[in-house]
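**Q** So the protein lines, in turn, are chains G and V. All you need for my numbering is the position in the first sequence, starting with 1, plus 1. Position 273 of the second sequence, counted from 1, bears residue number 264 in my numbering, the numbering being contiguous throughout.
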Amino acid sequence: MKPLSGVGLGWRRQLAHRIDQETELGFVEVLAEHLNPTAPLPAPLVRLKERGLPMVLHAVSLGLGGAEPPDPRRLDTLARLAERLGAVCVSEHVAFVRAGGIESGHLLPVARGDEALDLLAENVRLAQAALPVPLALENIATLFEWPEPAYTEAEFLTGLLSRTSTLLLLDVANLYANALNLGTDTAAVLAAVPPERLAYVHVAGGVRHGALYHDTHAHPVPSGPLDLLETLAAQLGPVPALLERDDHFPSPEELTAELRAIEAACARGVARWKSEVAQRPELHAVTSSAPEVRP
Amino acid sequence: MNPLDWQGPEFLSLYALLLAGGFLVALWVRHLLRLPAGEPLDLGRRQDPYEVAALDGPDTLIEAVVAALFHRNALRIEGRRIATGDTLPEDALPIERSVFECAAAGNVTLEELRRALSPDIENYRRRLAKKGLVLDEFRAAPARLLPSLAYGSFLLLGVAKVLVGLSRDRPVLFLVLIVAFGSLGFLVLGSRPWRTRLGDTTLKLLREEHEALRTTAMAGDSTRVLKPQELALAVGLYGPAMMIPLGYADLRQSLRPSSSSGSGGDSSGGGDVSSCGGDSGGSSSSSSCSSSSCSSSSCSSSSCSSGSSGCGGCGGGGGD
């Protein structure tokens, strides 16, 4: 199985033709909730699989941050979809989505304390045991956080990674949104990313409404997430990055421009990283294994 | 024994079988005569969408051109009819100019366009015939005449029996009905076959290769994603039903004022379509506005929602 590399694009039906025609994509990410687990895979995905394009199965409904263990049926569905897709890994969110039988319909933040961290770590272990490929967890964007968090976002991330063997899907757009809306320390979060645990990076667009930034996945990517991506690449070297677009799908020219902008941000970061490594060769040993996902 | 002297019920049962069997054999012979046959032709990575549409049939070609011009804002819907919109781009192809001029003159039903564009259609037919994908006159004639003449002889037998029955003052109603119904088969066999068998296999392969285009066109909210030529290719391969998810249902209705707005079955598909026939129940292509099973909403939650979602914005500013 190919490791993830280069720039990827989230597979959506609206982008199926574009992805089929694109020869330079490094990988794609498929939303598990868009696939019918009992029906055959959509023909365009079968073609991508035959082409050998690495695919990630991205899920939103496991609710690993909840107090209840993940539903075995959902895990089973994910596992079977991952196998049929030949997915390199499965990714989910550090979030809870239901409690007491009530679905929130949203990705809700986990309280950043030891109790929640213990629950999350246990749920992650259950999910990892049920999945045939590695699990990567993604930081979410939120407009609120629970009162009196015991940890900062960076500390919570470090705690999660130290208590589990999960990989990390770092969403720089979510990080950017949290920085604007909640004052999250982006530098601390980026510094907390261990190179050997980073599976890939999400990049997406959003829009400001008044004092708040909304991570819509329906607007152009602003410079903020790209700057964070560049910083991350400057810190770790080449990182696989994927553009998410879920609505108001742009023209081919605009989409190409966004993909090229991500590529350029990575390239700028890598150039800085190379320059740093040239000056301090001991850094290379630390970061050289960063971007690969090993099933 | 002379079959014309057979008793009515005896003749009727055998004649109905003969006519049905004869029609199927004639269809098979017609299929065999649509030469050349063989492995699908490679039309290259960048296919001319209008050439592909013409491979499906003249009506599909016209609909592909109209869809592309509509997508470029060169055409628009005014009330229930198609009118010209922005000026035609400099690089417009001759067939696009022809359609634009027809729209400017108010001649925009499929029937009117079919008449006005016959030189353009003939031009595409010749190009495809050179590649062996559609039949030229030389090859179309035997594929059309031989089966229809053979089948026609069976029909004549029925007509003769009707005349004999009338002359003997016997009831002939059922036989007349069978002959009248059987005449429809003669019309089918007498129509000009369009594609060769090579054209059939090539079109089938093209449809398989462009499933991703079909998926995108059917997804809705894809208007900006597809270029005009890509929309033309989608219509060319999968029929005018491709216009509906993109919000061009009015356009299709204006082209075919008398047809329903159902989604499938009006592609002029099949290798045997008449160049001047109307809707001809296409092969299999344009069926089903299948639509995505569920879309976007990566706003957590287990249920799939229709429409594309705004996955971000979960929790207001929360995204995944």
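Cβ atoms here follow ideal geometry from the backbone N, Cα and C, with glycine treated the same way.
#1: Name, please, each residue of chain G whose Cβ falls closer than 7 Å to the Cβ of V/Lys218.
#2: Is there contact between the stretch 100 to 117 of chain G and the stretch 137 to 147 of chain G, where contact requires at least three CB pairs shorter than 8 Å?
#3: So, with DSSP's three-state summary, where would you put V/Glu87?
#4: Taking any Cβ of chain G, which residues in the stretch 198 to 209 of chain V have a Cβ under 9 Å from it, in chain order?
#5: Grouping DSSP H, G and I as helix and E and B as strand, with all else coil, what is G/Leu109?
#6: Check V/Ser4 in the structure and name its three-state DSSP category.
#7: Among all the DSSP beta bridges, which residues are the ones paired with G/Phe28?
#8: Taking the alpha carbon of V/Asn(-7) as the reference point, which residue from V/Pro40, V/Pro49 and V/Val155 has its own alpha carbon closest?
#9: Identify whether G/Val89 lies in helix, strand or coil by the three-state DSSP scheme.
#10: Determine contact between the stretch 46 to 66 of chain G and the stretch 81 to 101 of chain G, defined as no fewer than three beta-carbon pairs at a distance below 8 Å.
#11: Classify V/Arg71: buried if its beta carbon has 16 or more other beta carbons within 10 angstroms, exposed otherwise.
#12: List the residues of chain C whose Cβ lies closer than 7 Å to the Cβ of V/Ser213, in chain order.
#13: What residues match up with G/Ile103 in a beta bridge as DSSP calls it?
#14: V/Met209 lies in the alpha helix (DSSP H); which residues open and close that run?
#15: So that I know if they touch, is there some Cβ in chain V lying closer than 8 Å to that of G/Asp119?
#16: For G/Ala200, which option in G/Leu171, G/Ser224 and G/His35 has the closest C-alpha, if you only look at C-alpha atoms?
#17: Among G/Ser163, G/Arg14 and G/Glu231, whose alpha-carbon lies nearest the alpha-carbon of G/Tyr177?
#18: In the DSSP assignment, find the unbroken alpha helix (DSSP H) run with G/Arg261 in it and report its ends.
#19: Just list the residues that DSSP pairs G/Asp172 with in beta bridges.
#20: Taking only three categories from DSSP, how would you classify G/Val208?
#21: Using three-state DSSP, classify G/Leu243 as helix, strand or coil.
#22: Mapping the DSSP letters down to three states, classify V/Gln(-2) as helix, strand or coil.
#23: Taking Cβ positions only, does G/Asp21 come closer than 8 Å to chain V?
#24: Any C-beta of chain V within less than 8 Å: which residues of the stretch 48 to 78 of chain G qualify?
#25: Spatial neighbours of V/Leu146 within its chain, please: CB distance less than 8 Å, with the 5 preceding and 5 following residues excluded, ordered by chain position.
**A** Reading it off the structure:
#1: Translated into positions along the second sequence, residue 218 of chain V becomes position 227. Chain order gives the chain G residues near V/Lys218 as Pro253, where near means a beta carbon separation below 7 Å.
#2: Taking one beta carbon from each stretch, the stretch 100 to 117 of chain G and the stretch 137 to 147 of chain G have 3 or more pairs nearer than 8 Å; the two touch.
#3: In the second sequence, counting from the first residue as 1, residue 87 of chain V sits at position 96. In this structure, V/Glu87 counts as helix in the three-state DSSP scheme.
#4: Those residues of the stretch 198 to 209 of chain V that come within reach of chain G (Cβ to Cβ, closer than 9 Å) are Glu199, Glu200, His201, Glu202, Ala203, Leu204, Arg205, Thr206, Thr207, Ala208 and Met209.
#5: Locating residue 109 of chain G in the first sequence gives position 108, counting from the first residue. Strand.
#6: Sequence index remark: in the second sequence, residue 4 of chain V carries index 13 (1-based). The three-state reading of DSSP puts V/Ser4 in helix, counting H, G and I together.
#7: On the first sequence, position 27 is the one that residue 28 of chain G refers to. According to DSSP, G/Phe28 bridges with G/Gly9.
#8: As a working note, residue -7 of chain V is residue 2 in the second sequence. Of the listed residues, the one whose Cα sits closest to V/Asn(-7) is V/Val155.
#9: As a position in the first sequence, residue 89 of chain G is number 88, starting the count at 1. Three-state DSSP puts G/Val89 in coil, outside helix and strand.
#10: Taking one beta carbon from each stretch, the stretch 46 to 66 of chain G and the stretch 81 to 101 of chain G have 3 or more pairs nearer than 8 Å; the two touch.
#11: In the second sequence, counting from the first residue as 1, residue 71 of chain V sits at position 80. By the neighbour-count rule (16 or more Cβ atoms within 10 Å), V/Arg71 is not buried but exposed.
#12: As a matter of chain content, chain C is missing from the structure shown, whose protein chains are G and V.
#13: Numbered from 1 along the first sequence, position 102 holds the residue referred to as residue 103 of chain G. Beta-bridge pairing by DSSP links G/Ile103 to G/Ala100.
#14: Indexing the second sequence from 1 puts residue 209 of chain V at position 218. V/Met209 -> alpha helix (DSSP H) spans Glu202 to Met209.
#15: Residue 119 of chain G sits at position 118 when you count from the first residue of the first sequence. Answer no: the Cβ-Cβ gap between G/Asp119 and chain V never drops below 8 Å.
#16: By 1-based counting over the first sequence, the position of residue 200 of chain G is 199. Nearest C-alpha to G/Ala200: G/Leu171.
#17: Here residue 177 of chain G refers to the residue found at position 176 when the first sequence is read from its first residue. The candidate whose alpha carbon is nearest that of G/Tyr177 is G/Glu231.
#18: Position 260 of the first sequence, counting from 1, holds the residue named residue 261 of chain G. Per DSSP, G/Arg261 belongs to the alpha helix (DSSP H) from Pro253 to Gln280.
#19: In the first sequence, the residue the question calls residue 172 of chain G occupies position 171. In the DSSP secondary-structure assignment, G/Asp172 is bridged to G/His203.
#20: If you number the first sequence from 1, residue 208 of chain G lands on position 207. In the displayed model, G/Val208 falls within a strand according to three-state DSSP.
#21: Start at 1 with the first residue of the first sequence, and residue 243 of chain G comes out as number 242. In this structure, G/Leu243 counts as strand in the three-state DSSP scheme.
#22: Start at 1 with the first residue of the second sequence, and residue -2 of chain V comes out as number 7. Here V/Gln(-2) sits in coil by DSSP.
#23: Here residue 21 of chain G refers to the residue found at position 20 of the first sequence. Under the 8 Å criterion on CB atoms, G/Asp21 is classed as interfacial with respect to chain V.
#24: Closer than 8 Å at the C-beta level to chain V, one finds these residues of the stretch 48 to 78 of chain G: Arg48, His59, Val61, Ser62, Gly64 and Arg75.
#25: What you label residue 146 of chain V is simply residue 155 of the second sequence in a count that begins at 1. Excluding sequence neighbours, V/Leu146 sits near Leu10, Val170, Gly173, Ser174 and Phe177.
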